[in-house]
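Protein chains in written order, with our numbering: chain A, 8 to 266; chain B, 963 to 1134.
No residue lacks a Cβ here, since even glycine has one placed at the ideal position from N, Cα and C.
This structure is a prediction, so every number in the text was calculated from the model and none was measured.
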Amino acid sequence: MSLPEIREAELQAFVDGQLPQARCTAVLAHLGHHPDDIQRLAEYARHKDELRRRLEAVDPAADDPTTVELKRTLANRLTRPDYRRWLRQAATVALLLVAGWSGHDLYQRYLVNRIPELVIKAAEAHEVFGADRRRPVELTAASTAEMSAWFSSRLGQPVEVPILAAMGLRLIGGRLLAAGGHPMAQLIYEDSGGHRLTLCLSSEPVEVGQEIELVEVGDLTAGYWQDGDLTYALVGETPDAQLIAIAAELGAQEPANHL
Amino acid sequence: MTSQAVIDQLAEHIASLRRYAFALTGGQQEAEDLVQDTLVRAIAAARSFRTGGNLRAWLFSIMHNAFISGVRQRRPPTVELNDEATAVAQPPAQLILLEVRDVLAALARLPEAQRAALSLIALEDFSYGQAAKIQGIPLGTLMSRLARGREALRQMMHGDLRVPLRVIGGKP
């Protein structure tokens, strides 16, 4: 009796117990005539078991506090109503402030629809990573040079870590996040009252002007602008004037007709 | 589902992810970094997870993407080699006579794609279909990576073949 040819994939499936029952007889018959294959598959199976055993024996890092915190955040996000949708709605409903244009409905509508992804992400990241004072930072303020080098390599652009001590803001640290598949650097600052302000930087090309634009998202205010090849988003529960002043310090151009 | 129930589930999944991350990166710190990168991405993408979906498979596919984009963008991965492996002088043409009895050291020498296929199937009871989906490749590609990876590993464990040494830290 001639047997249908056995394919290599079927031999692999045999090793993994994923071969359909109907083909097992054929594979067994094949192996009956191919002792070399029996030897080979036996080794595959042995290596597979050994691999699993060795990998399972790898001593896991003692509960890394960052991992634990991320786990808790993820659990919250998975069980919470859609935060992002809420953000978008809030952005649409909330008064959108552009200096000098605040009464202009059409312009507001237009602006709501073109809030860059980065700004939504920056606001979200402020809530998740910036506002919580217990959350450890990935890169501490002690190593601004290292932080700068790390961000520069990931963003593909030279990134300076701004020192805002003159504005009464202390750098707490930073971390690297992703917005729409692009790396986004987040820097966290704190004022003397313990209020936090986060600055996000991205090298993703977006259509953003060099003049700061302000948008209110829930209780947060975000200002964003472009400078060279980088887009900046500054987020906090900060009065507009203060946000604009800090942004100016960072290189943003002030809105021409701001009060 | 309550948040605590999800935390408990996640704890289990994270332990699995950590093992896969170790298989991919070859180092404990690198593995933990990859786990954290995965969780950050999962947090950002939490809305895309459908309630009742396969949380474990979802997390694994996020980790796979994180690993792939990390390989492309990040510093070159460092692979911890054991002494017997690194002590061998490297002849020209990047060929080396391997005598690797350690299955983890052999795994670390496989090309990334084969290493991913092999370790995912070894570690987790995913079906081939799920594993292919997690790695974002067609089923046939997964099967051929699995077959080639297993054979390369076997040859290395025999130590009787010349196997191209994977260039660490450079372009593949």
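Is any non-hydrogen atom of the ligand COA found closer than 6 Å to the C-beta of V968 (chain B), if you look at the structure I gave you? Ligands are entirely absent from the displayed structure, and the ligand COA is therefore not among its contents.
Under 7 Å from the C-beta of M1105 (chain B): neighbouring residues of chain A: A16 and Q19
Taking C-alpha atoms, which residue in A:A192, A:D226 and A:I251 lies nearest to A238 (chain A)? The question names Ala, but residue 238 (chain A) in the sequence shown is Thr. T238 (chain A) has its Cα closest to that of A:A192, out of A:A192, A:D226 and A:I251.
Determine, using beta carbons only, whether T205 (chain A) and Q998 (chain B) come nearer to each other than 7 Å. no
Applying a beta-carbon distance threshold of less than 8 Å, which residues of chain A neighbour R1138 (chain B)? Nothing in the structure corresponds to residue 1138 (chain B), since chain B is present only between 963 and 1134.
Please confirm if I1030 (chain B) has its CB atom under 7 Å from at least one CB of chain A. no
With 16 other Cβ atoms within 10 Å as the buried cut-off, status of N1044 (chain B): With a pLDDT of 40 at N1044 (chain B), under the threshold of 50, the modelled position of that residue is not reliable, and no figure is offered here.
If you follow the alpha helix (DSSP H) that S1081 (chain B) is in, where does it begin and where does it stop? E1074 to L1085
Residues in its own chain within less than 6 Å of L176 (chain A) by CB, not counting five upstream and five downstream? Only Y196 and D198 meet the Cβ criterion.
Please work out which residues of its chain come closer than 6 Å, Cβ to Cβ, to P165 (chain A), disregarding the five sequence neighbours upstream and downstream, and give them in chain order. S159, listed in sequence order.
Cβ separation of R1077 (chain B) and A985 (chain B), assumed to be a contact under 8 Å, to the nearest whole Å: 7 Å
State the CB to CB distance for the pair G243 (chain A) and H202 (chain A), rounded to an integer number of angstroms; the pair is presumed to be in contact (CB under 8 Å). 7 Å
Alpha-carbon spacing of L162 (chain A) relative to C207 (chain A), whole angstroms: Each residue's alpha carbon lies about 12 Å from the other.
Give the range of the alpha helix (DSSP H) segment to which P72 (chain A) is assigned. P72 to T86
Quick one: which chain C residues come within Cβ less than 7 Å of A82 (chain A)? Looking for chain C here will not work: the only protein chains present are A and B.
Supposed close pair D234 (chain A), A259 (chain A) - CB separation, criterion 8 Å: 7 Å
Tell me whether A990 (chain B) sits in a helix, a strand or coil according to DSSP, three-state version. A quick correction: the sequence has Gln, not Ala, at residue 990 (chain B). Three-state result, Q990 (chain B): helix.
Answer yes or no: does any C-beta atom of chain B fall closer than 7 Å to that of H37 (chain A)? Not closer than 7 Å to any Cβ of chain B, the Cβ of H37 (chain A) fails to qualify, so no.
Would E1145 (chain B) count as contacting chain A if we go by Cβ distances under 7 Å? Here chain B comprises residues numbered 963 to 1134, so residue 1145 (chain B) is not present and cannot be evaluated.
Three-state secondary structure (DSSP) of G181 (chain A): strand
Give a yes or no on whether the minimum CB-CB distance between R1116 (chain B) and chain A is below 7 Å. R1116 (chain B) counts as touching chain A.
Under 7 Å, Cβ to Cβ, is there at least one residue of chain A near A1079 (chain B)? no
C-beta contact flag for G230 (chain A) and A255 (chain A) at 7 Å: no
Three-state class that DSSP yields for T205 (chain A) in the structure shown: In the structure shown, T205 (chain A) falls within a strand segment according to DSSP collapsed to helix, strand and coil.
Nearest-angstrom beta carbon gap, A1019 (chain B) and R1003 (chain B) [assumed within contact, 8 Å]: Separation of the CB atoms of R1003 (chain B) and A1019 (chain B) is rounded to 15 Å, and the pair is thereby denied contact status at 8 Å.
Beta-carbon of D995 (chain B) versus every beta-carbon of chain A: anything under 7 Å? no
What span of residues does the beta strand (DSSP E) with L241 (chain A) cover, start to end? L237 to G243
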